[in-house]
Amino acid sequence: MISFFRKRRSFLFILLAFALLSRLFLSCSSGSDHQLIINKKISDLDQIKRKGKLVVISDYNSTAYFFYRGTPMGFNYEILRAFSDYLGVGLSISITNSYENSFKDLAKDSCDIVALDLPVTQERSTKFFATTPLIHAAPVLVQRRPSAIERKNSKAELVLNPAGLAGKHVYLSAGSPFAKQLFMHSIESGDTISIVENPELHTDQLISAVANKKIDYTVAYETSAHVNQMYYPSLDVNTKLGPEQNLVWAVAKNKPVLFALFNKWLINYKKTRHYEDIYEKYFKNRRTIQIVGSELYSVGNNKISVYDNDIKKYSKHMHWDWRLFASLIYHESNFHPQAKAWSGAYGLLQLMPWVMEEYGLDSISSPSQQIAAGARYIESIDKQFRSLVKDPVERQKFVLAAYNVGLAHVFDARRLAKKYGKKDDIWTNQVDSFILRKSEPRYYRDRLAFYGYCRGEEPFNFVMDVLEMYNLYKNVIKN
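And the structure:
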């Protein structure tokens, strides 16, 4: 009996000691080790959602991604836009002319997806995840058709197969996947094909250089080559340099959750009518010629709208980047000077009737007058925040929000942010969270919310959307 109690007491002592040690371990783990355990539970997809945006590298050409009349377009862009909307995050696109640099950025975790036309290779598949193929296309030689005079004088002929490139110069973007293919053709033919890689030029620019007789040859996938041929009839793109290939995008190996979700989403998305429509739109529709030939096609023209000169002029008065002002106008009216909303807001900047009256505008005011008045109105809003929000970049966010919803509601959100321990001179994750909450009774009935209810999602999304478009403009339009 005594031995039984001793054994039981020993057992209880062991349990107690174990409990104390466990508590001690947990308390010690509250530092970096514990944080490490928590961080391991945060997936790569959760990190993207916390960041609030999907970061992508894409090429910049007439099929993948470009701007037309200030609107982002392109096969890659529309797919990425649909996927980022599916995730519920913004979209940030950087452009590159270098395959090599894009893979370096992916390896450094500077981006989430490399959205370039990539053939699947054994070497690449060991370093990155290859997505489900987006399109299938063969590489083709882009060359000029010799004119009758050229054929007569120099007996110029089209190159009809890879062997015909022996001794010739072929120009490619830096790190292009076509370089290896041409090198293999060079070995097979036993003669040298001179490969010239240019880090400054993308595919469309190289194709344009061929058409304008600056270079003789480049290589492109047949999808984009045929689109450019519609605009440059002098080009020949019929010489295939290899079989049709599955073209994929790349996702970093440290983003398995993003990769799995994107693949699953893409497989389903490719079955939709929307995918069929955008494929038809960018690769088969002859109206693409009108876009490529327009002065408002951003690739090579550096233009956003027909009002760029006025936007630049009045942006200087506001001390804003003109591309930010252009983004605001795009979101207000899509650059339509006669745009009218149900609320009575009118014109390029959708100014309310009382604002138009104050600045001497009416329905026959010119676009230039509308832009000038809009700039003056924005300046007046900015003055209200200058002593309150010292950082000019941060202040722009407050100005955009006030432009959309009015000063009163933004000042309410500032007071609420300060009451709940947030910074009232920082917009993102501080004041913006309270402009959102102004649609909740607990907050719009607060004694500090002088102006009551506000549908906070509108200014919240407006600021994000204008800044997102501004960042897209910055990536492709020179200041």
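Each residue of the sequence shown is one higher than the one before, starting from 100 at the first, in my numbering. C-beta: ideal position from N, C-alpha, C; glycine also.
DSSP three-state assignment for residue i, whether helix, strand or coil
i: residue 434; result: coil
i: residue 207; result: coil
i: residue 384; result: coil
i: residue 466; result: helix
i: residue 363; result: helix
i: residue 441; result: coil
i: residue 422; result: helix
i: residue 102; result: With a pLDDT of only 40 at residue 102, under the threshold of 50, the placement of this residue in the model should not be trusted; the figure read from the coordinates follows. Note: residue 102 maps to helix in three-state DSSP.
i: residue 448; result: coil
i: residue 189; result: strand
i: residue 196; result: coil
i: residue 491; result: helix
i: residue 214; result: strand
i: residue 454; result: helix
i: residue 576; result: coil
i: residue 501; result: helix
i: residue 168; result: coil
i: residue 479; result: helix
i: residue 460; result: coil
8 Å Cβ shell around residue i - same chain, five flanking residues per side excluded
i: residue 152; result: 183, 188, 189, 190, 191 and 567
i: residue 541; result: none
i: residue 311; result: none
i: residue 443; result: 451 and 452
i: residue 474; result: 413, 414, 416, 417 and 424
Buried/exposed call for residue i, threshold 16 Cβ in 10 Å
i: residue 527; result: exposed
i: residue 461; result: exposed
i: residue 486; result: exposed
i: residue 348; result: buried
i: residue 67; result: As shown, the chain starts at 100 and ends at 578. That puts residue 67 outside it, with no answer to give.
i: residue 332; result: exposed
i: residue 565; result: buried
i: residue 321; result: buried
i: residue 323; result: buried
i: residue 173; result: buried
i: residue 432; result: buried
Boundaries (first-last residue) of the alpha helix (DSSP H) holding residue i
i: residue 225; result: 221-226
i: residue 234; result: Residue 234 -> not in any alpha helix (DSSP H); beta strand (DSSP E) instead, spanning 234-236.
i: residue 148; result: 143-150
i: residue 164; result: Counting along the chain, residue 164 falls outside any alpha helix (DSSP H), and DSSP gives it neither H nor E.
i: residue 410; result: 407-417
Span of the beta strand (DSSP E), counted from its first residue to its last, around residue i
i: residue 184; result: Per DSSP, residue 184 belongs to no beta strand (DSSP E); it is in the alpha helix (DSSP H), 174-186.
i: residue 268; result: 268-272
i: residue 259; result: No beta strand (DSSP E) contains residue 259, which DSSP labels as neither H nor E.
i: residue 351; result: 344-351
Same chain only: Cβ atoms within 6 Å of residue i, ignoring 5 sequence neighbours per side
i: residue 201; result: 156, 195 and 213
i: residue 274; result: 197, 198 and 199
i: residue 327; result: 306
i: residue 142; result: 356
i: residue 257; result: 335
Own chain, CB closer than 7 Å to residue i, minus 5 neighbours either side, in chain order
i: residue 436; result: 446, 447, 466 and 469
i: residue 421; result: 410, 411 and 414
i: residue 429; result: 169 and 568
i: residue 574; result: 192, 193 and 194
i: residue 545; result: 515
i: residue 563; result: 189
Residue-level contact to chain D via CB, residue i, 8 Å cutoff
i: residue 207; result: Among the protein chains of the structure shown there is no chain D, as only one such chain exists.
>> My parser needs the alpha helix (DSSP H) runs of 4 or more residues fully inside the segment 276-339; what are they?
In response: Within the segment 276-339, the complete alpha helix (DSSP H) runs of at least 4 residues are 277-288, 302-310 and 321-330.
> Counting only runs that start and end within the segment 508-568, where is the alpha helix (DSSP H) found for 4 or more residues in a row?
Replying inline: Within the segment 508-568, the complete alpha helix (DSSP H) runs of at least 4 residues are 531-536 and 540-543.
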